[in-house]
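Enquirer: Counting with the working numbering, you get residues 15 to 294 for the letters of the sequence shown.
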Amino acid sequence: MEKGKRRWIVNISHWNPSDDHFLSLVSFLPSHERSAVNRFIRFEDRKRAFVSRLLQYTLVHDVFGIPIDKILINRTVEGKPYLTNSDGAFFPNFNFNASHHGNYVGIASEPSYLVGFDIVSDSTPNKEAGLDFINNFSSHFTTFEWRDIMKTDNPFDSLATFCRYWSLKEAFVKAVGAGLGFGLHRLEFNHNNWTNISVCIDGEESRDWRFWHFELDQHHWGSVARGRPTESRKSFNKTSLEVDLKEEDYWNELRLPDEGFTFWTVEELIRTAIQEPCSC
């Protein structure tokens with residue numbers, strides 16, 4: 015895999031640490047990251063948040079060799095993470111994005127292009143019926159997308175299609191660093207059985223993006239978006255991006271297929287990051 019490019023996923027469904035051990039692991043993180051983890055009330059949410067943070071620090075260490083306790087990760091006002099260490103100058107366009115939902119936590123990074131990554135699960139809050147849940151979000155989809163979502167009489171199939179489109183839209187928004195202010199209805203995705211995916215932005219097809227969509231299991235899906243650094247929001251572009259790619263090089267690489275993800279167990283991640291035997 016290209017230097018600076020990572021694709022990692024962790025399945026947390028079988029990881030059930032004791033309260034004391036979990037607290038000791040969280041204490042490994044910088045104080046502001048500990049606060050971000052502990053603000054969640056549900057333990058499952060705290061687990062996802064912790065693994066997400068640990069993935070980010072482990073990835074940066076793996077790419078740049080920076081000791082984990084020396085890594086400085088900040089976030090734009092919209093929430094896109096970025097590295098502030100000067101070591102990052104080796105890949106001036108380096109950026110990464112983490113996501114977690116349901117049983118999975120994952121991360122994707124790129125040395126040259128914008129990257130966005132999103133995992134989505136078909137679980138609904140408070141056991142709300144699938145169709146009732148997705149109807150709350152109809153305004154975020156175009157007429158074409160909504161017709162595709164609702165074309166079946168099977169509510170489980172509709173929910174799955176909804177999740178697939180949602181992950182693609184979120185991957186794009188995360189890539190550009192737009193945050194919640196970006197109108198998802200502005201994006202319309204076209205695909206051939208979830209391959210050869212393209213996007214229209216405000217009604218015009220964009221050639222500046224490539225998308226990959228995949229099924230983790232029958233209840234979880236993921237999407238990766240890669241695009242030109244010039245497409246980033248101003249708040250993220252000010253962090254470190256240096257757009258110096260030749261047009262020919264850009265298109266040649268963007269056409270390449272995306273590598274698959276490497277799967278980690280939580281125990282493997284902890285051992286790699288914290289360098290301690292884990293009896294989780």
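Positions of the beta carbon are idealized from the N, C-alpha and C atoms, including for glycine.
#1: Can you say whether F275 is buried or exposed, counting buried as having 16 or more other CB atoms within 10 angstroms of its CB?
#2: What number of angstroms, rounded off, separates the C-alpha of I148 from the C-alpha of H199?
#3: First and last residue of the beta strand (DSSP E) that includes W278?
#4: Buried or exposed for F64, please, with buried defined as at least 16 other CB atoms from any protein chain shown within 10 angstroms of its CB.
#5: Under 8 Å between the Cβ atoms of V24 and V280?
#6: Assign P243 to one of three DSSP states: helix, strand, or coil.
#7: Tell me, please, whether the region 128-136 touches the region 106-117 by the rule of three or more beta-carbon pairs shorter than 8 Å.
#8: Which two residues bound the contiguous beta strand (DSSP E) that contains Y127?
#9: Classify K252 as buried or exposed, calling it buried when 16 or more other Cβ atoms lie within 10 Å of its own Cβ.
#10: Give me, in chain order, the residues of the same chain whose beta-carbon lies closer than 6 Å to that of G18; leave out the 5 immediate sequence neighbours on both sides.
#11: Tell me which residues share the same chain as V40 and place their Cβ nearer than 6 Å to its Cβ, disregarding the 5 neighbours each side in the sequence.
#12: May I have the straight-line CA-CA distance separating L230 from G236, to the nearest angstrom?
#13: Out of R221, S220 and A192, state which residue places its alpha-carbon closest to the alpha-carbon of G130.
#14: Taking the beta carbon of Q70 as the centre, do at least 16 other beta carbons fall within 10 Å, making it buried, or is it exposed?
#15: Please report how far the alpha carbon of K84 lies from the alpha carbon of A287, in whole angstroms.
#16: Within 10 Å of its beta-carbon, does F57 have 16 or more other beta-carbons around it, so buried, or fewer, so exposed?
#17: Can the beta-carbon of N187 be found closer than 8 Å to that of L128?
#18: Taking only three categories from DSSP, how would you classify D272?
#19: Going by C-alpha distance, which of D222, F176, E218 and D216 is nearest W208?
Expert: Quick answer:
#1: buried
#2: 14 Å
#3: T276 to W278
#4: buried
#5: yes
#6: helix
#7: yes
#8: Looking at the DSSP string, Y127 is not in any beta strand (DSSP E), and its letter there is neither H nor E.
#9: For K252, the predicted structure reports a pLDDT of 49, less than 50, and the residue's modelled location is therefore unreliable. The matter cannot be settled from this model.
#10: V77, F105, F108 and P125
#11: R48, V51 and F64
#12: 7 Å
#13: A192
#14: buried
#15: 13 Å
#16: exposed
#17: Note that residue 187 is Val in the sequence shown here, rather than Asn. No, they are not a contact pair.
#18: coil
#19: F176
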